[in-house]
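Residue numbers (this note's numbering): 836 to 972.
The beta carbon of each residue, even a glycine, is placed where N, CA and C say it ideally should be.
Being a predicted model, the structure only gives us computed values, none of them experimental.
Worksheet for the structure shown next.
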Ligand SMILES: CC(C)(COP(=O)(O)OP(=O)(O)OC[C@H]1O[C@@H](n2cnc3c(N)ncnc32)[C@H](O)[C@@H]1OP(=O)(O)O)[C@@H](O)C(=O)NCCC(=O)NCCS
């Protein structure tokens with residue numbers, strides 16, 4: 836699928852994803868700064884990936900891990916610094932939430948400090964207690 840907004844293109848086509856740029860974008864974040872390029876590539880292979888392009892150059896990314904029926908985990912949401920504050924994050928989230936394979940899913944996410952960004956889309960506290968187990972590396 837793809838969506839257009841002015842000079843921006845958003846696509847879920849894996850072939851349009853620019854791996855080196857996505858790796859650099861993720862390395863600029865607080866949560867994936869240490870993620871190896873191999874781990875990033877493998878994670879993309881098993882996700883529904885959203886690539887945001889401006890004049891053919893990737894400037895944003897998000898991915899969803901999902902069974903495409905009941906549950907989805909939204910993660911790795913990032914817009915290149917030079918393009919922030921123009922409503923692109925909002926547009927990215929709007930398109931993701933409209934995606935036909937995600938419409939019936941409960942969507943989970945975790946954030947350190949962007950709660951207000953997600954609240955505008957109806958995200959709130961879990962109904963039950965959510966637990967997590969981190970890998971022992
Ligand atoms: C968070 C991020 C994706 C938002 O993208 P953006 O294109 O700058 O956001 P928008 O311009 O669409 O802003 C939409 C709204 O969210 C707010 N917002 C933006 N970033 C926010 C943040 N980090 N925390 C809370 N609110 C935020 C904006 O003020 C704006 O509010 P408004 O509608 O009341 O004016 C982007 O700032 C980013 O990539 N940050 C670094 C990575 C990150 O923290 N990702 C989220 C991890 S969970």
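Q: Specify the secondary structure class of residue 840 as computed by DSSP and reduced to three states.
A: strand
Q.
Less than 6 Å separating the Cβ of residue 923 from some heavy atom of ligand 1?
A. yes
Q | Every unbroken beta strand (DSSP E) inside the region 904-966 [3 residues or more] | A | 906-914 and 941-943
Q. Residue 981: beta carbon under 6 Å from a heavy atom of ligand 1?
A. A question about residue 981 goes unanswered here, because the residues of the chain that appear run from 836 up to 972.
Q) For ligand 1, is there a heavy atom less than 6 Å away from the beta-carbon of residue 901? A) no
Q.
Please list the terminal residues of the continuous beta strand (DSSP E) segment that includes residue 887.
A. 883-889
Q. Are three or more beta carbon pairs between the region 901-917 and the region 935-943 nearer than 8 Å?
A. yes
Q. Roughly how many angstroms separate the alpha carbons of residue 914 and residue 872, rounded to a whole number?
A. 19 Å
**Q.** For residue 860, three-class secondary structure by DSSP
**A.** helix
**Q.** Assumed close pair residue 911, residue 898 - CB separation to whole angstroms, cut-off 8 Å
**A.** 5 Å
Q) Looking at residue 886 and residue 932, is the spacing between their C-beta atoms short of 7 Å? A) no
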